[in-house]
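Using the UniProt record's numbering, you'd call the opening residue of the sequence shown number 1 and step up by one each time.
Worksheet: the structure to be examined is printed underneath.
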Amino acid sequence: MKDCQVHIEGLCIETSFIYDFTSHGELFPIDYVSIEAKEDNKDANNSIQIDSNRKDKLHLLTTNQLSDITLATLSNSLVICMDENQAVSESSFVIEGEIYSTEIGSTTSLQRVKAASVAMIVYLEGELTTLKNSLLSEDKNIAFGENNSFAKQVFESFLKGDVVRYKLGVNYMSTLGLASLIEKRMDSTSVFLTVDSKEYATVEEDNFLLEGKLEHFHKNKKYELRIMYGDGREESFREMTAFVASESFSVSVPLTLGANYIDCTLVEDGIEISDSKHTHIVFYKQTSNQPKEIIMWAEQYVNAETTKTVERIESLIQTAKDAGITAFALDVKGCEGYAAYRKSTLTNVKYMTETTNPKKAFQMEIDFLEEFVKAAHASGLRVYASFNFFVEGNIASNDFAIDLPNTHPDWAEVLHVPEDQGELKSVLETKRNCMLCYVNPANKEVQDFELLRVKELLDNYEVDGVIMDRTRYDNQYADFSEVTRIQFVEYLKSKGKELVHWPKDIYSFDAEQKMIFGPLYLDWLTFRSSIIQGFARRLRGIVDEYAKNQKRPIALAAYVGSWFDLYYQNGVNWGSKDFRYNERLNFPVSKLYTEDYSKTSYVDYIDFLMIGCYYGTSEMIEKYTTIGNIVTNHKVPMMASMSLPDLNTEELLKIGTKACIDFSDGTMIFDLCYTDWNMLRPALKEALTK
Numbered sequence: 001m002k003d004c005q006v007h008i009e010g011l012c013i014e015t016s017f018i019y020d021f022t023s024h025g026e027l028f029p030i031d032y033v034s035i036e037a038k039e040d041n042k043d044a045n046n047s048i049q050i051d052s053n054r055k056d057k058l059h060l061l062t063t064n065q066l067s068d069i070t071l072a073t074l075s076n077s078l079v080i081c082m083d084e085n086q087a088v089s090e091s092s093f094v095i096e097g098e099i100y101s102t103e104i105g106s107t108t109s110l111q112r113v114k115a116a117s118v119a120m121i122v123y124l125e126g127e128l129t130t131l132k133n134s135l136l137s138e139d140k141n142i143a144f145g146e147n148n149s150f151a152k153q154v155f156e157s158f159l160k161g162d163v164v165r166y167k168l169g170v171n172y173m174s175t176l177g178l179a180s181l182i183e184k185r186m187d188s189t190s191v192f193l194t195v196d197s198k199e200y201a202t203v204e205e206d207n208f209l210l211e212g213k214l215e216h217f218h219k220n221k222k223y224e225l226r227i228m229y230g231d232g233r234e235e236s237f238r239e240m241t242a243f244v245a246s247e248s249f250s251v252s253v254p255l256t257l258g259a260n261y262i263d264c265t266l267v268e269d270g271i272e273i274s275d276s277k278h279t280h281i282v283f284y285k286q287t288s289n290q291p292k293e294i295i296m297w298a299e300q301y302v303n304a305e306t307t308k309t310v311e312r313i314e315s316l317i318q319t320a321k322d323a324g325i326t327a328f329a330l331d332v333k334g335c336e337g338y339a340a341y342r343k344s345t346l347t348n349v350k351y352m353t354e355t356t357n358p359k360k361a362f363q364m365e366i367d368f369l370e371e372f373v374k375a376a377h378a379s380g381l382r383v384y385a386s387f388n389f390f391v392e393g394n395i396a397s398n399d400f401a402i403d404l405p406n407t408h409p410d411w412a413e414v415l416h417v418p419e420d421q422g423e424l425k426s427v428l429e430t431k432r433n434c435m436l437c438y439v440n441p442a443n444k445e446v447q448d449f450e451l452l453r454v455k456e457l458l459d460n461y462e463v464d465g466v467i468m469d470r471t472r473y474d475n476q477y478a479d480f481s482e483v484t485r486i487q488f489v490e491y492l493k494s495k496g497k498e499l500v501h502w503p504k505d506i507y508s509f510d511a512e513q514k515m516i517f518g519p520l521y522l523d524w525l526t527f528r529s530s531i532i533q534g535f536a537r538r539l540r541g542i543v544d545e546y547a548k549n550q551k552r553p554i555a556l557a558a559y560v561g562s563w564f565d566l567y568y569q570n571g572v573n574w575g576s577k578d579f580r581y582n583e584r585l586n587f588p589v590s591k592l593y594t595e596d597y598s599k600t601s602y603v604d605y606i607d608f609l610m611i612g613c614y615y616g617t618s619e620m621i622e623k624y625t626t627i628g629n630i631v632t633n634h635k636v637p638m639m640a641s642m643s644l645p646d647l648n649t650e651e652l653l654k655i656g657t658k659a660c661i662d663f664s665d666g667t668m669i670f671d672l673c674y675t676d677w678n679m680l681r682p683a684l685k686e687a688l689t690k
């Protein structure tokens, strides 16, 4: 019996996740992938053979392999199926030649497994009678048994409807791309080009080194690398050819300042191997001698105990300064809406100690912001005031600083989600599970109220700047209020277009709750981005007015997620107006990046930008920092922000800190509550030492 599996280094499957709370899902490495079996690789039942005697391994099969699969091959396994949209379609168990659905009241079949685009398999161990009986009795708690804890973890991590992502190294792949990769890697007769150089890189040199090797190199053939390179404009691309005399190669490619796109294709005996192309995206930035800002972020409630007295604040600031921190970002308006300052002279918003959530309740006699600014400035540190602008309460804990459900229910976002079966419902009423109460950015009353909060803060506290946090829509399903509809109609008129069917002209859902885009979907995305830009413009005007009147600099900054390719869902264009999309970036909605969309950028209204590079590897941090550098075109200082829970060992923290600081203009550290100063201090020192 031949082993019909291959391991592809760096291939993972990523779980679904909620963008509001994290930037990535959990990664499960794929141990083995299958191939289209040759006849002598099949058993008497014509089934592909898979080594099932490997504990806690993930096996992955794609469409071609699934067509040959049998129950005998799958015996004693958990099978999780994904459809063409990368959504989990079903989970099942195969035990003793029978297949069982994990969904109560449902049955399944081998044919349904064969119909999947991708199937992930975990083989089970030990005695399975108890597991089988729990499936037959439709017990909600499936009895995996102690020998199958990994299978249980996989089952609980990939639930029906979850959208997963396939990942190779730092890049995400489509289902077709995954199948193509597997097929190519298993063809032992054809040469295969492997490039070891980073696929995304930010550099301070005027050249980029392409290094790699040729697998299945044939000495009797002639190999060349055909390299196209340019800044994204078609007229900028140049071609160079490099002869490859052995299995390994190294080629230097010249760069220009800014974005660079490099395509490398293998040529064998004068014939280009079309599917061998590798693309590298490189941002070449000038070396700067300017000191880099190191900002420590402090969320509101989780840091209450460490900052509740003047003495604790002063001690914290001294510790931070000694470690290399140059500024603090303080959460002065949390998600519940409470103020971290006592002088709410224009809004009368409650102080944060008045939370109604007993899990967050604490006592503090001082005016937190006043004392923090005083102590920080005495030590030469800056303080930026962060506002969760378009969130006014926690629905899950029923904690609202301004009692929005009773006083301003019309401020809440109105959603168009599949759970509400075509009805447009407020976030306060929807069947969708919503934790935070986002308010409508297009509602002028909402904007006016949020700007009052900024005014009362600048009236009473000498902060060094204001940070826009959650200055966005909650997700792609908002906002469908009448206020927004009227504004959208006016927006369309200015473009010579008309809204005929609301909300169907934007999107609707089919019987399987799949989103169907309408003719005005892209206009809708651009319109929403213009709303957020308009708020940033108003806020910039207020900040500048106070700076002029108080005769001191006051900065305006923003925090956003680093995933620019998906941030359109939140109505934010944090790219530069000069950014021009290139197909090599492979963003999912490539048609969005028009001249009209570029005009909705708010970069011109801010002084610096923090992007959440909340990843656990240098490669992922560099990828998203590089994309950030390209889309902002270095129009404003951009800081890659790091998440301490993702960098939870000394080595990871050193690697992550160095990556953020090397590839961007500084870093923001999230969050104070996770900080181990004995780990952070040497990490910052090493990263800041040239």
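Backbone N, C-alpha and C fix where the C-beta goes; we use that ideal spot for every residue, glycine too.
As the structure is a computational prediction, the values presented were derived from the model and not from experiment.
Three-way DSSP call (helix, strand, coil) for residue i in this model
{"i": "L672", "result": "helix"}
{"i": "V302", "result": "coil"}
{"i": "T353", "result": "helix"}
{"i": "Y229", "result": "strand"}
{"i": "F527", "result": "helix"}
{"i": "E423", "result": "coil"}
{"i": "K2", "result": "Here K2 scores only 38 on pLDDT, less than 50, and its place in the model should not be relied on; the value that follows carries that caveat. Residue state, collapsed to three classes: coil."}
{"i": "K42", "result": "Because the pLDDT of K42 is 46, which lies under 50, any placement of that residue in the model is unreliable, and the question is left without a value."}
{"i": "L684", "result": "helix"}
{"i": "A119", "result": "strand"}
{"i": "I48", "result": "Below a pLDDT of 50, predicted positions are generally treated as unreliable, and I48, at 46, falls in that range; no measurement from the model is reported."}
{"i": "F328", "result": "strand"}
{"i": "C660", "result": "helix"}
{"i": "R342", "result": "coil"}
{"i": "G105", "result": "coil"}
{"i": "I506", "result": "coil"}
Opening and closing residue of the beta strand (DSSP E) in which residue i lies
{"i": "R552", "result": "Per DSSP, R552 belongs to no beta strand (DSSP E) and is neither H nor E."}
{"i": "G258", "result": "G258 to E268"}
{"i": "T202", "result": "Y200 to V203"}
{"i": "G612", "result": "F608 to G612"}
{"i": "T471", "result": "Neither: T471 is in no beta strand (DSSP E) and is coded neither H nor E."}
{"i": "R312", "result": "No beta strand (DSSP E) holds R312; the alpha helix (DSSP H) holding it covers V310 to A323."}
{"i": "T241", "result": "R238 to V244"}
{"i": "residue 702", "result": "The chain is shown only over 1 to 690; residue 702 falls outside these bounds and no answer can be derived."}
N-terminal and C-terminal residue of the alpha helix (DSSP H) that residue i is part of
{"i": "H377", "result": "F368 to A378"}
{"i": "Y624", "result": "S618 to T632"}
{"i": "S180", "result": "T175 to R185"}
{"i": "L60", "result": "Per DSSP, L60 belongs to no alpha helix (DSSP H); it is in the beta strand (DSSP E), H59 to T62."}
Bridge partner(s) assigned by DSSP for residue i
{"i": "H280", "result": "I262"}
{"i": "C12", "result": "P29 and K167"}
{"i": "residue 696", "result": "Limits of the chain in this structure are 1 at one end and 690 at the other, which puts residue 696 out of reach."}
{"i": "I294", "result": "T667"}
{"i": "S252", "result": "L209"}
{"i": "N655", "result": "The amino acid at residue 655 is misidentified as Asn; the sequence shows Ile. BP columns for I655 are empty, so no partner."}
{"i": "L566", "result": "Answer is none; L566 lacks a bridge partner."}
{"i": "I271", "result": "E268"}
{"i": "Y521", "result": "DSSP lists no partner for Y521."}
{"i": "E224", "result": "F243 and V267"}
Minimum C-alpha distance to residue i - residue among the options
{"i": "D475", "options": "V543, G465 and G561", "result": "Strictly speaking, residue 475 in this sequence is Asn, with Asp absent from that position. Cα-wise, what sits closest to N475 is G561."}
{"i": "C264", "options": "T194, N133, E595 and D206", "result": "T194"}
{"i": "N207", "options": "F283, L136 and T279", "result": "F283"}
{"i": "A378", "options": "C434, E462, P358 and E156", "result": "E462"}
{"i": "S197", "options": "I271, S236, A151 and H280", "result": "H280"}
{"i": "T63", "options": "C12, M120 and D31", "result": "M120"}
{"i": "Y521", "options": "N586, Y581, S481 and L592", "result": "L592"}
{"i": "L492", "options": "A511, S530, L457 and L458", "result": "S530"}
{"i": "M186", "options": "R552, Q65 and K221", "result": "Q65"}
{"i": "K455", "options": "K497, F527 and G541", "result": "G541"}
Below-7 Å beta-carbon distance, residue i vs any chain B residue
{"i": "L27", "result": "No chain B is part of this structure, which consists of one protein chain only."}
Is it the case that the region 458-475 contacts the region 384-396, given that we only count it when at least three CB pairs across the two stretches are under 8 Å? yes
Is it the case that the region 293-301 contacts the region 205-217, given that we only count it when at least three CB pairs across the two stretches are under 8 Å? no
Counting beta carbon pairs with one atom in the region 304-324 and one in the region 369-376, are three or more of them shorter than 8 Å? yes
Within 8 Å, do at least three Cβ pairs link the region 174-183 to the region 191-209? no
Please confirm if the region 151-165 is in contact with the region 79-90, defined as three or more CB-CB distances below 8 Å between the two stretches. yes
Could you say if the region 229-239 and the region 251-261 meet the contact criterion of at least three C-beta pairs nearer than 8 Å? yes
Report yes or no: do the region 350-361 and the region 329-342 share at least 3 C-beta pairs separated by less than 8 Å? yes
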